[in-house]
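Numbering (our numbering), first residue to last: -16 to 121.
Contents: one structure, followed by commentary.
Right under this line is the structure:
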């Protein structure tokens, strides 16, 4: 499964397809890959001293919002912006969604990363790994 879909994107920002682009799936996929890489490098590699990382053991729904926010501020809205000196709506939206992304990542890391290490499709309390944050995500 995917962390987020185009339907999730439309639920978050209904007007996203009003700008002449018919498909944002590649941008959502890029954002999902980014999120997985961040989780692996920031959490998994520090917690486990092995090479058994399996991104499919993450709970997709936990990362939907972060994936959408990252896709918007990093990949989608820059394609729509004209990057005028005086700014435009899309630049303001990029700032907003970047802020939302940082907040969401901090929240998910602090409540605990759900990782089905034994692959039994059941997340138990010992498979929810908190990760104390001492800094804000950038």
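For glycine and all other residues, C-beta sits at the position ideal for the given N, C-alpha and C.
Here the segment 55 to 74 lies against the segment 9 to 19, with 3 or more beta-carbon pairs under 8 angstroms apart. A direct Cα-Cα distance of roughly 17 angstroms separates residue 80 from residue 0.
When 54, -6 and 34 are compared, the shortest CA-CA separation from residue 18 is found for 54.
Residue 51 carries a helical assignment under DSSP once its states are collapsed to helix, strand and coil. Taking residue -14 as the centre and dropping the five residues before and after it, the same chain places the C-beta of 15, 43, 46, 47 and 50 closer than 6 angstroms to its C-beta, in chain order. A Cβ-Cβ contact shorter than 7 angstroms links residue 111 with residue 95.
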